[in-house]
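Residue numbers (my numbering), protein chains in the order written: chain A, 6 to 301; chain B, 157 to 596.
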């Protein structure tokens with residue numbers, strides 16, 4: 006191992022330490038906050054009432070209840086479906102597809118597409134939720150502008166397709182990020198390589214699969230890592246759009262956690278849900294990070 | 157410290173910076189639907205030489221009470237706080253509120269508060285909040301929708317079956333969401349009270365508290381009973397079996413406003429609501445209300461019928477109401493007490509009571525000419541004769557949240573057996589097996 010540091014870095018040790026302060030603060034704050042959540046997940050602490058004062062240690066009770074009480078397993082499933090289809094498949098594929106399709110395109114069309122997907126990204130979640138609610142309700146835009154003129158019966162999308170609606174809403178909301186990242190990545194793939202592949206007789210699809218994808222692999226994994234983390238704990242859009250319903254059909258883990266912690270008031274149980282979420286996302290992140298390493 | 161730290165963190169993350177620290181000498185947090193009561197109260201207090209008030213107006217709806225609970229437990233709550241009456245005992249038991257007995261005793265208007273109303277906001281023999289008013293609950297219906305469905309007006313259902321039949325007739329006439337029976341978590345306490353408890357009270361004989369959530373004699377929560385099962389069955393009929401409404405009506409983006417609009421437009425036929433609806437259907441405290449005659453032409457109300465089971469009540473009612481309390485931390489702040497008195501001053505409270513169609517809990521306002529002369533108030537006052545209150549003891553807010561989860565389960569297509577079992581398990585987790593009882 007090489008423990009030597011460069012002479013320039015050694016000379017700048019003071020300023021470097023100062024520059025590290027923000028990072029140190031962030032790391033300590035994270036450990037402190039996560040530490041409290043871990044501690045509380047082993048108690049029966051509640052938001053109000055007797056157990057807000059006289060709480061007790063309950064061991065792994067809260068964790069056992071994740072599996073013996075209804076709620077957590079359902080939410081884990083809903084969250085997995087939501088993350089898989091809206092982030093891993095939806096945002097990533099749409100973002101990549103758009104980036105490939107619009108690459109080198111300088112037309113007005115590209116501007117229009119970019120502005121529309123950026124709008125989705127920039128719009129506050131709550132505004133987006135109301136927009137999608139108005140679009141998909143029984144008297145909403147789709148029914149009034151599309152289905153009714155065709156003589157079809159109106160469909161209450163939230164009632165019949167709640168999870169697909171929030172998935173589509175989130176794809177719409179988050180595609181811009183993947184698109185931007187992939188656009189930048191594709192710009193780094195030189196035109197000559199693709200030209201050369203074409204000269205060698207590669208179809209456009211083969212060009213993407215065998216030339217472009219391997220070259221942007223690191224970007225792809227980074228993108229998957231980030232959208233998975235964001236989507237797995239995503240709250241505002243779904244909460245405002247459906248509140249987790251109808252029934253529990255869109256009750257993702259973050260909504261279950263807020264419901265148990267602040268509406269039912271069981272902070273201990275809510276903390277256990279939070280820790281479980283952290284572990285799952287942590288494992289997913291580790292899996293992605295391993296992929297980031299260059300293949301030998 | 158242990159708890160405070162986590163709660164502060166929780167408050168900070170959940171509220172995402174929305175918590176406004178009290179900068180002025182006196183602060184108040186209140187629910188926006190009560191603007192027409194609180195704002196003039198603040199103005200009167202300031203005009204009388206009071207301090208500048210830091211008024212934190214929060215949106216109404218189901219997130220108000222969790223927000224206040226978080227603020228109180230994190231120690232960041234305002235000096236004067238509007239609190240839904242169901243949670244006063246819980247907050248008092250947590251040491252968050254200041255007792256108000258001395259304030260009532262030393263104030264010339266203290267004697268006007270009716271005893272029953274003060275009982276609701278009492279804990280261990282002390283009063284912890286001042287009630288603004290109370291309410292009664294009923295089924296509101298859209299007269300246009302009923303006429304279209306060929307249903308008789310005025311509508312007078314005698315049993316739950318009559319309600320379902322009316323719903324089916326409305327469905328046939330094109331009103332897809334015939335009956336808004338509050339379910340799920342988006343209504344918060346509204347699901348428990350306007351929906352579940354109103355149904356529950358008519359599900360079985362009132363003897364031995366068989367139609368309640370709590371057996372008041374033994375002080376135990378009822379984890380399973382014929383009444384609870386019948387009530388869930390009724391939910392199942394409305395949303396799953398007969399499908400006279402779609403579950404989605406409980407999950408619209410803005411439940412209260414969206415529902416008001418849909419109901420007034422005849423897209424919802426029957427709305428389980430309360431006496432405030434006469435005002436709040438057109439925006440609580442909105443100055444541009446239609447006249448009473450215009451309202452009566454559009455909507456009507458009827459008493460909630462019982463199930464029709466032998467021994468069950470013919471009609472049911474349960475009352476709640478909002479209160480204003482004093483943060484325990486502000487117990488020694490004379491300005492906070494002055495602000496409280498300004499809001500509850502007979503003149504301010506009296507004007508609001510009549511304009512907001514609220515049932516007063518003060519004898520002086522009940523005797524006032526303006527209150528007596530109001531035709532709507534006269535029409536609902538008889539309902540007060542046969543109403544009851546919630547089980548406003550510590551723990552009720554938990555039970556209420558679990559009741560909402562039961563209705564969520566029904567909307568989710570679960571069986572009554574499964575839903576009741578989950579409820580009973582959760583009650584035992586919370587209160588211990590000794591404090592939960594099953595009625596056969």
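Glycine residues also receive a C-beta, built at the ideal position from the N, C-alpha and C atoms.
One finds 269 in chain A with Cβ atoms closer than 9 Å to the Cβ of residue 558 of chain B, taken in chain order.
Here residue 308 of chain B carries a coil assignment [DSSP, helix/strand/coil].
The C-beta distance from residue 253 of chain A to residue 568 of chain B rounds to 5 Å, short enough to meet the 8 Å contact threshold. Here residue 164 of chain A is buried. Its C-beta has 16 or more other C-beta atoms within 10 Å. For residue 481 of chain B, the secondary structure class from DSSP, reduced to helix, strand or coil, is strand. If you draw a 10 Å sphere on the C-beta of residue 518 of chain B, you find 16 or more other C-beta atoms in it, and that means buried. Under the Cβ distance rule, residue 154 of chain A does not count among the residues neighbouring chain B, no pair being separated by less than 7 Å. When Cβ pairs closer than 8 Å are counted between the two stretches, the segment 357-372 of chain B is seen to touch the segment 456-470 of chain B, the count reaching three or more.
Distance check between residue 340 of chain B and each of B:406, B:304, B:298, B:286 places B:406 closest, using alpha-carbon atoms only. Close to chain B, meaning a Cβ-Cβ distance shorter than 7 Å, are the following residues of the segment 27-56 of chain A: 38, 41, 45, 50, 52, 53, 54, 55. Taking all protein chains shown into account, residue 51 of chain A has 16 or more neighbouring C-beta atoms within 10 Å of its C-beta and is therefore buried. Counting other Cβ atoms within 10 Å of its Cβ, residue 31 of chain A stays below 16 and is therefore classed as exposed. For residue 473 of chain B, there is no enclosing alpha helix (DSSP H), as DSSP marks it with neither H nor E. Against chain A, the beta carbon of residue 247 of chain B has neighbours under 7 Å at 53, listed in chain order. Between residue 533 of chain B and residue 388 of chain B, the beta carbon gap of about 35 Å keeps them out of contact (Cβ cut-off 8 Å). In the DSSP assignment, residue 371 of chain B forms a beta bridge with B:376.
With a cutoff of 7 Å on beta-carbon distance, residue 548 of chain B and residue 473 of chain B are scored as not near each other.
Residues of the segment 146-175 of chain A whose Cβ lies closer than 7 Å to any Cβ of chain B, in chain order: 161, 163, 164.
Straight across, the Cα-Cα distance linking residue 191 of chain B with residue 294 of chain B is about 24 Å. As summarised for the segment 380-428 of chain B, the continuous alpha helix (DSSP H) elements at least 4 residues long and confined to that stretch are 382-392, 411-420, given in chain order. Annotation note: the segment 514-576 of chain B contains the following uninterrupted alpha helix (DSSP H) runs of length 4 or greater, listed N- to C-terminal: 519-522, 525-529, 531-536, 552-567. Between residue 425 of chain B and residue 301 of chain B a beta carbon distance of about 4 Å is seen, short of the 8 Å cut, so the two are scored as contacting. For residue 239 of chain B, the enclosing beta strand (DSSP E) covers residues 236-240. A distance below 6 Å between beta-carbons, with the five flanking residues on each side excluded, links residue 276 of chain A to the following residues of its chain, in chain order: 42, 45, 46.
A contact between stretches requires three or more CB pairs, one per stretch, nearer than 8 Å, and the segment 279-289 of chain B meets this requirement with the segment 474-481 of chain B. The three-state reading of DSSP puts residue 115 of chain A in helix, counting H, G and I together. Residues of the segment 217-242 of chain B with a C-beta atom less than 7 Å from some C-beta of chain A are 222, 225, 226, 229, listed in chain order. The shortest CA-to-CA distance from residue 279 of chain B to any of B:290, B:254, B:392 is the one to B:254. Within its own chain, the residues whose Cβ lies closer than 8 Å to the Cβ of residue 366 of chain B, once the five positions on either side in sequence are excluded, are 360, 381, 382, 383, 595, listed in chain order. Put simply, the segment 109-120 of chain A does not touch the segment 238-248 of chain A. Fewer than three CB pairs are less than 8 Å apart.
Chain-order list of chain B residues neighbouring residue 247 of chain A: 407, by C-beta distance under 8 Å. Taking CB atoms only, residue 568 of chain B has a neighbour in chain A less than 7 Å away. Approximately 43 Å separates the beta-carbon atoms of residue 237 of chain B and residue 317 of chain B; this is outside 8 Å, ruling out the contact. Pairwise C-beta distances place the segment 75-91 of chain A out of contact with the segment 214-229 of chain A, as fewer than three of them are shorter than 8 Å. Within 8 Å of the CB of residue 134 of chain A, the CB atoms of chain B belong to 409, in sequence order along the chain.
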